[in-house]
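Residue numbers (UniProt numbering): 1 to 310. Before any comments, here is the structure.
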């Protein structure tokens, strides 16, 4: 039950509605009356009863991910949040939905809604049938042609160019965090580490699990994340794409890769990788963030490269 001091209610919206309509004080000590409820974006709020969970698709950082079905028979992906997580982690879990509800782009996974009125909390997203891009690359490596690999790269650049225009820093761009949808359309996913920053730079000192081999030197060394650090990660994503799912810096530990990059080492081109694609990778891996291309530039360059391939 949810209550302040008086009557208890089975969910938070009912509790708020009660105090708003009756104008009862929230607590006698505070004397506070709820004059205006915080406006909720009803479009995004679903009830737990609106979704039926199906098969387990995988496990995320905060809980399991299930296939689900809405009352209108729409297939969805349902991210669940473990009930025993501390409150601050539950808020972090919802950060992804908070960011995604602002975006609408064919190369960004779509948010359908959230269920927050009781535990466990759900984030409901469009179901992407092809699964994660890394598994897709490894599974289909014998069938993937050059033009398709360039198309995947262009899809990723298009999605990231859109995020760049919204001052959104992804911070965890990698093949494992992209999904392959219908007609082999690649979509950027996993916005759990993302931040929206007006100044374009986000400083972090408390990230426990940093994907070291994908992360730019200035982010590893000083916690400075930006669209430019996402561009570095995009270079690694390109390398994963054209190596057909090989783990970056093969044969090196995270620490070895980090030290080698600081000394100026950069990975060599994957087998059969076109020279103009490898040149893009190398520009993405410029040590100075300001020298890296923007996602808008990358989108244009990859469009030209794709046109050239017959």
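Beta carbons: idealized from backbone N, C-alpha and C, even for Gly.
By the criterion of at least three beta-carbon pairs nearer than 8 Å, the stretch 151–163 is not in contact with the stretch 64–72. In the three-state DSSP reduction, residue 241 falls in the helix class (H, G or I).
For residue 273, the closest alpha carbon among the candidates 263, 257 and 244 is that of 244.
In terms of Cβ geometry, residue 89 and residue 62 form a close pair [threshold 8 Å]. Put simply, the backbone Cα of residue 218 is about 9 Å away from that of residue 288. Separation of residue 271 and residue 242 (C-alpha to C-alpha, rounded to the nearest whole angstrom) is 8 Å.
Judged by beta-carbon spacing, residue 233 lies within the 8 Å limit of residue 173, meaning their Cβ atoms are closer than that value. Residue pairing from DSSP places residue 52 in a beta bridge opposite 69. For the pair of segments examined, the stretch 95–112 was found to touch the stretch 124–132: the number of CB pairs separated by less than 8 Å reaches three.
DSSP places residue 286 outside both helix and strand once states are collapsed to three, so it counts as coil.
Less than 8 Å separates the beta-carbon of residue 295 from that of residue 231.
Annotation: the stretch 107–164 contains the following complete segments of the beta strand (DSSP E) (minimum length 3 residues), in chain order: 111–115 and 122–126. With respect to the C-alpha of residue 161, the residue from 303, 136 and 310 having the closest C-alpha is 303. Checking the DSSP bridge columns, you'll see residue 188 partnered with 108 and 178. 8 Å or more divides the Cβ of residue 185 from the Cβ of residue 114. Taking C-beta atoms as the reference points, residue 194 and residue 171 count as a pair closer than 8 Å.
Separation of residue 111 and residue 306 (C-alpha to C-alpha, rounded to the nearest whole angstrom) is 30 Å. Nearest to residue 93 by alpha-carbon distance, out of 102, 109, 131 and 81, is 81. Apart from the 5 residues on each side of it in sequence, residue 57 sits with its Cβ closer than 7 Å to the Cβ of 65, 66, 67 and 77 in its chain, given in chain order. Residue 229 has its alpha-carbon roughly 12 Å from the corresponding atom of residue 222. The DSSP-derived three-state label of residue 77 is strand. If you draw a 10 Å sphere on the C-beta of residue 310, you find fewer than 16 other C-beta atoms in it, and that means exposed.
Under the 10 Å beta carbon count, residue 281 is surrounded by 16 or more other beta carbons and is classified as buried. Judged by DSSP secondary structure, residue 224 falls within the beta strand (DSSP E) whose first and last residues are 224–226. Residue 261 and residue 214 have their C-alpha atoms some 11 Å from each other.
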